[in-house]
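Participant:
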Amino acid sequence: MRSGLRLAFDVGKARIGVARCDAEAILAIPVATLERDRYGGDIDEAAELVAEHGAIEAIVGLPVSLGGKRTPSTRDARDWARALAQAISPVVVRLVDERLSTVSAHQALHASGRHEKDFRGVVDQAAAVVILNQALEAERSTGSPIGEPVTPTRRDTR
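Position 18, counted from 1, in the sequence shown is what UniProt numbering calls 18; the numbers after and before it change by one each time, with no gaps.
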């Protein structure tokens with residue numbers, strides 16, 4: 001298992017949940033919720049978090065249907081991950097299957113005694129924690145990082 005802090009991002013249409021792990025890659029905790037910004041402010045904020053935390057890697061959840069098919073959200077997450085990869089290069093960005101991460105986050109929040117109406121501010125962060133925990137567990141069991149490395153693309157600066 002590689003040591004080093006990682007950040008995970010759960011990309012949604014309106015918000016992006018962020019989680020991080022400790023330097024030993026043992027414990028994932030929520031960090032923040034970023035608001036999506038069509039001008040790229042969310043990418044800038046995410047890049048600042050990567051630099052601030054000294055992350056060795058960024059994990060972006062890749063939403064696919066339960067059957068493994070692409071959805072409109074799949075393309076959005078890929079595009080966002082490519083823009084992030086450009087912003088934080090040479091730090092690697094990996095796309096990781098996030099099926100059921102939001103469902104798991106809702107279940108965990110219910111189990112902790114939270115009410116559904118209180119979820120909006122934290123469910124995206126909780127989903128990012130789930131994504132990061134899944135990635136860390138898979139790396140622990142295989143000895144290799146999981147997910148698809150993302151090739152950076154140029155951001156439109158118009």
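All C-beta atoms, glycine included, are put in the ideal place defined by N, C-alpha and C.
Note that the structure is predicted; figures quoted are calculated from it, not measured.
Using 8 Å as the threshold, is the region 65-75 in touch with the region 42-50, meaning 3 or more CB pairs across them?
Facilitator: no
Participant: May I ask you to report which of helix, strand or coil DSSP gives V60?
Facilitator: Numbered from 1 along the sequence shown, position 60 holds the residue referred to as residue 60. If DSSP states are grouped into helix, strand and coil, V60 belongs with the strands.
Participant: According to DSSP, is R36 helix, strand or coil?
Facilitator: Within the sequence shown, residue 36 is the residue found at index 36, counting from 1. It is coil, neither helix nor strand.
Participant: Return the CA-CA distance between A85 and D79, expressed in angstroms with no decimal places.
Facilitator: Taking the sequence shown and counting its residues from 1, one reaches residue 85 at position 85. Taking the sequence shown and counting its residues from 1, one reaches residue 79 at position 79. Straight-line Cα distance between these residues: approximately 10 Å.
Participant: Go through its chain and collect everything with a Cβ distance to A46's Cβ below 6 Å, but skip five positions before and after it.
Facilitator: Mapped onto the sequence shown, residue 46 falls at position 46. L84.
Participant: Beta-carbon of E57 versus every beta-carbon of chain B: anything under 8 Å?
Facilitator: Reference to chain B is not applicable here, since this structure consists of a single protein chain.
Participant: For G68, count the other beta carbons within 10 Å of its own beta carbon; 16 or more makes it buried, fewer makes it exposed. Which is it?
Facilitator: For the purposes of this step, residue 68 is taken as residue 68 along the sequence shown, with counting starting at 1. Exposed.
Participant: Do I56 and L5 have their C-beta atoms within less than 8 Å of each other?
Facilitator: Residue numbering aside, residue 56 sits at position 56 when the sequence shown is read from its first letter. Residue numbering aside, residue 5 sits at position 5 when the sequence shown is read from its first letter. In this structure, L5 lies closer than 8 Å to I56 by Cβ.
Participant: Return the chain-ordered list of same chain residues with a C-beta closer than 6 Å to the C-beta of G17, the five sequence neighbours on each side being excluded.
Facilitator: One-based indexing of the sequence shown puts residue 17 at position 17. The answer, listed in chain order, is D10, T33, D124, Q125, A127 and A128.
Participant: For A23, name the three-state secondary structure that DSSP assigns.
Facilitator: If you number the sequence shown from 1, residue 23 lands on position 23. Note: A23 maps to coil in three-state DSSP.
Participant: In terms of alpha-carbon separation, which member of G147, P90, R2 and K13 lies closest to R36?
Facilitator: By one-based count along the sequence shown, residue 36 stands at place 36. Closest by alpha carbon: K13.
Participant: Which residue comes first and which comes last in the alpha helix (DSSP H) that contains V150?
Facilitator: Mapped onto the sequence shown, residue 150 falls at position 150. Segment: none, V150 is in no alpha helix (DSSP H) and carries neither H nor E.
Participant: Compare the C-alpha of T151 against each of I88, A8, A28 and T142 and name the closest.
Facilitator: Numbered from 1 along the sequence shown, position 151 holds the residue referred to as residue 151. Per the Cα distances, I88.
Participant: Give the secondary structure of A8 by DSSP, where H, G and I count as helix, E and B as strand, and everything else as coil.
Facilitator: What you label residue 8 is simply residue 8 of the sequence shown in a count that begins at 1. In this structure, A8 counts as strand in the three-state DSSP scheme.
Participant: Exposed or buried, which one is L27 when buried takes at least 16 other CB atoms within 10 Å?
Facilitator: Counting from 1 along the sequence shown, the entry for residue 27 is found at position 27. Exposed, since its Cβ has fewer than 16 Cβ neighbours within 10 Å.
Participant: Nearest CA to the CA of P149: which residue from V60, D42 and L7?
Facilitator: Mapped onto the sequence shown, residue 149 falls at position 149. When only C-alpha atoms are compared, the closest one is V60.
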